[in-house]
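Taking the numbering used here, the leading residue of the sequence shown gets 400, the next gets one more, and so forth.
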Amino acid sequence: MWSPVLSALRRRTRLVATLGPSSSSIPIIRSMVQAGVDVVRLNFSHGTYDDHKKRIDMVRAVSEETGKTVAILQDLCGPKIRTTKNLNDLPIPVLPGTKFTIKCSNSFLGSVESQSVGTIYPALHRDVQPGDNILLSDGLISMKCVDVRGEDVVCEVVYGGLLKGSQGINLPGSALSASSITPKDVHDLHFGLEHGVDLVAVSFIRSADDIFQVKKEMKSFGKHVPVIAKIEKPQAMINIHQILDACEGVMVARGDLGVELPPQEVPIAQKKIIAEANRRGIPVIVATQMLESMIEVPRPTRAEVSDVSNAIFDGADACMLSAETAAGKYPLESVQMMTEIAQTTAANMEVDHAIAFQEDHARSRSDRPSSTYEALGKAVASLGSTIGAAAIVVFTLTGSTARQIGRHRPSCPIVALSTDERSCRQLVISRNVLPFTVSMPKHVRDLCHLAEDLLVREKLAVKGDTVIITGSHPFQQRFAPTNFVKLLTIGAESQSASE
Numbered sequence: 400m401w402s403p404v405l406s407a408l409r410r411r412t413r414l415v416a417t418l419g420p421s422s423s424s425i426p427i428i429r430s431m432v433q434a435g436v437d438v439v440r441l442n443f444s445h446g447t448y449d450d451h452k453k454r455i456d457m458v459r460a461v462s463e464e465t466g467k468t469v470a471i472l473q474d475l476c477g478p479k480i481r482t483t484k485n486l487n488d489l490p491i492p493v494l495p496g497t498k499f500t501i502k503c504s505n506s507f508l509g510s511v512e513s514q515s516v517g518t519i520y521p522a523l524h525r526d527v528q529p530g531d532n533i534l535l536s537d538g539l540i541s542m543k544c545v546d547v548r549g550e551d552v553v554c555e556v557v558y559g560g561l562l563k564g565s566q567g568i569n570l571p572g573s574a575l576s577a578s579s580i581t582p583k584d585v586h587d588l589h590f591g592l593e594h595g596v597d598l599v600a601v602s603f604i605r606s607a608d609d610i611f612q613v614k615k616e617m618k619s620f621g622k623h624v625p626v627i628a629k630i631e632k633p634q635a636m637i638n639i640h641q642i643l644d645a646c647e648g649v650m651v652a653r654g655d656l657g658v659e660l661p662p663q664e665v666p667i668a669q670k671k672i673i674a675e676a677n678r679r680g681i682p683v684i685v686a687t688q689m690l691e692s693m694i695e696v697p698r699p700t701r702a703e704v705s706d707v708s709n710a711i712f713d714g715a716d717a718c719m720l721s722a723e724t725a726a727g728k729y730p731l732e733s734v735q736m737m738t739e740i741a742q743t744t745a746a747n748m749e750v751d752h753a754i755a756f757q758e759d760h761a762r763s764r765s766d767r768p769s770s771t772y773e774a775l776g777k778a779v780a781s782l783g784s785t786i787g788a789a790a791i792v793v794f795t796l797t798g799s800t801a802r803q804i805g806r807h808r809p810s811c812p813i814v815a816l817s818t819d820e821r822s823c824r825q826l827v828i829s830r831n832v833l834p835f836t837v838s839m840p841k842h843v844r845d846l847c848h849l850a851e852d853l854l855v856r857e858k859l860a861v862k863g864d865t866v867i868i869t870g871s872h873p874f875q876q877r878f879a880p881t882n883f884v885k886l887l888t889i890g891a892e893s894q895s896a897s898e
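Right, dumping it as structure tokens:
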């Protein structure tokens, strides 16, 4: 019998799947959730508000039907620069060594005859200068700016190809004058907050100020949800420490990052981002082209499988499917394959791996606890791994205590109990955290009974197992520091009689 808890326990890593034309029905969403999806991504670069509203409703319905906590991630599109459509939707052959013009006009249609295309970005002619590189179609077509004539950017083609309409334009090495948060993003954000999204991803982040701008907009709307910073610009890598200190999560968005940076530098950037996010205890998602070949075929390449597995070994909290589930031919098979990779990887990450992780961080000066709260989280994680606890049970209203313990990668699962459904949904992005919505306990002994019943029911512990119970008492106090840790032996009836 399918169990969402045991499925998540076996793989530890969380799965994010993008919804789109291939995955916008109740049956396929249900199948993907049962196959392992924890978070669904709504890409606001595409679709109407009506499309997104229908998908939100379907996800909530499937979550209630299956009993599985599923989060909704809103992905704001940011200042994505694209070409205009082509005349008659015909691709334009772009030949090396020839001149090609990009016109700052969103109404100009590209054509073979003119060897030109328009762009929806009105400031392109101000942001580039002769000598700058311009990449189109995810970097497949490469040009160099040779002249700027009014609002026309004249280029020489370095590497050619077939240019379709509405293709992305990247300007590696050039600083965009456009804000990272566009008016469209603001409207989209308000829509998402109004309809209860659980997480918000912000594209083309360049500095911590971009994060603060989104949070300010949320505050003006009277709501706040965790902000996920998408790292896809070289400027973001320069400011990575400040960005990670400002956000609640991070995404290694390797699509645009792999175009803006030399491709050989992307794996290094990915490892650096994961390591820095792990040190801060914020979730990190690795995204883009993870199982890209499964857009067209039912099995991935060996390199793609290794890519997913290595991201997990490096410490990613979640791996994301994009076009594989949004527009691919095999959305369910893609989820099933990623689940199998995550489960196999988790099974081969021995307990020693968790202990080594803790010891490595203990040697790092930057990881030394700066507060009693951090020290307690580190101690609980270490205790769980050392004594071989079946689980660490955390009562948390906001989810912060569960994330603080998870930061230190204990070998046992973290069972987060909260009275707040949204806090539980926001926790499903965190590796090895199993959230449950519960009623408010009055006393520690009530929490112990509640935890024991839940662990046995969900097959997370059996009689004789030791579990750790921690939290803040009185339980009703929001943002109160953790102030108790208790060892509980499953089935020992007299242990809490004195509480």
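Idealized CB from N, CA, C, for every residue including glycine.
*Sequence-distant residues of the same chain with beta carbon closer than 7 Å to F874, five excluded per side*: F794, M839, P840
*Buried versus exposed, by CB contacts within 10 Å (16 or more), Q528*: exposed
*asked:* Using a Cβ-Cβ cutoff of less than 7 Å, which residues in the same chain neighbour H589 once the five nearest sequence positions on both sides are dropped?
replied: Correct list, in chain order: F620.
*Reference I519; option with closest CA among D531, F499, M542, E550*: Residue E550 is the option with its Cα nearest to I519.
*Can you tell me whether DSSP reads F603 as helix, strand or coil?*
coil
*So N532 is in the beta strand (DSSP E); what residue range does that whole segment cover?*
532-535
*Specify, as a first and last residue, the run of the beta strand (DSSP E) that E703 falls within.*
From DSSP, E703 is part of no beta strand (DSSP E) but of the alpha helix (DSSP H) over 701-713.
_Checking the sheet assignment: what are the DSSP bridge partners for Y558?_
When beta bridges are read from the DSSP output, Y558 appears opposite S541.
*Return the bridge partner residues of F883 from the DSSP annotation.*
BP columns for F883 point to G870.
*Which value, in whole angstroms, describes the spacing of the CA atoms of V438 and D546?*
46 Å
*Measuring CA to CA, which of G714, D713, A715, M736 is closest to T724?*
Selected option, being the one with the closest Cα: M736.
*State the Cα-Cα distance for the pair Q757 and H445, rounded to the nearest angstrom.*
Model confidence at Q757 stands at a pLDDT of 49, short of 50, so the residue's coordinates are unreliable; what they give is reported in the following sentence. Rounded to the nearest angstrom, the two C-alpha atoms are 42 Å apart.
*Unbroken stretches of the beta strand (DSSP E), 3 residues or longer, contained in the region 792-846*: 813-817, 832-836
*Contact check, S576 vs A652 under 8 Å by CB: the rounded distance?*
About 21 Å separates the two Cβ atoms, so there is no contact after all.
_Length-filtered (3 minimum) beta strand (DSSP E) runs lying within the region 418-471_ = Complete beta strand (DSSP E) runs here, min 3: 436-442.
*Report the three-state DSSP secondary structure of G648 (helix, strand or coil).*
strand
_Can you tell me which residues form a DSSP beta bridge with R413?_
A717
*D587: which of I639, V557, Y448 sits nearest, CA to CA?*
Comparing alpha carbon positions, the residue from I639, V557, Y448 closest to D587 is Y448.
_Suppose the cutoff is 7 Å on Cβ atoms and the five residues either side in sequence are ignored; what does the same chain contact list for T883 look like?_
Per the sequence shown, residue 883 should be read as Phe rather than Thr. Scanning its chain for C-beta atoms nearer than 7 Å, with the 5 sequence neighbours on each side dropped, one finds around F883 the residues V843, T869, G870, H872, in chain order.
*My guess is that L414 and L833 are in contact by the Cβ rule of under 8 Å, so how many angstroms apart are they, rounded?*
With a Cβ gap of about 14 Å, L414 and L833 do not count as contacting.
_Chain-order list of residues whose beta-carbon lies under 8 Å from that of A726 (same chain, five-residue window excluded)_ = G419, P420, S421, I694
*Would the beta-carbon of L592 fall within 7 Å of that of L472?*
Judged by beta-carbon spacing, L472 lies beyond the 7 Å limit of L592, meaning their Cβ atoms are not closer than that value.
*Considering only C-alpha positions, which residue in the set S784, D864, T818 is nearest to Q876?*
Ranking the options by Cα distance to Q876, first place goes to T818.
*asked:* Using the three-state DSSP reduction, which class does R548 fall into: helix, strand or coil?
replied: strand
*Ends of the beta strand (DSSP E) at P492?*
491-493
*Identify, in the order they occur along the chain, each residue of the same chain with its Cβ nearer than 8 Å to the Cβ of T738, setting aside the five sequence neighbours on each side.*
For T738, where only same-chain residues beyond five positions count, the Cβ hits under 8 Å are S406, R410, L414, A434, G435.
_Quick check on DSSP: helix, strand or coil for D597?_
coil
*T500 versus T483, D488, S781, L489, residue with shortest Cα-Cα distance*: Ranking T483, D488, S781, L489 by Cα distance to T500 puts T483 first.
*asked:* Going by DSSP in three states, R481 sits in which element: helix, strand or coil?
replied: strand
_Own chain, CB closer than 7 Å to L656, minus 5 neighbours either side, in chain order_ = I630, E631, V665, A668
*Pull up the DSSP beta-bridge partners for T518, would you.*
T482
*Do I813 and A801 have their CB atoms nearer than 7 Å?*
Yes, Cβ-Cβ distance for I813 and A801 is below 7 Å.
_Coil, strand or helix - S578 by DSSP_ = coil
*With distances taken from CA atoms, which of S721, K498, P403 is nearest Q514?*
Distance from the Cα of Q514 is smallest, within the candidate group S721, K498, P403, for K498.
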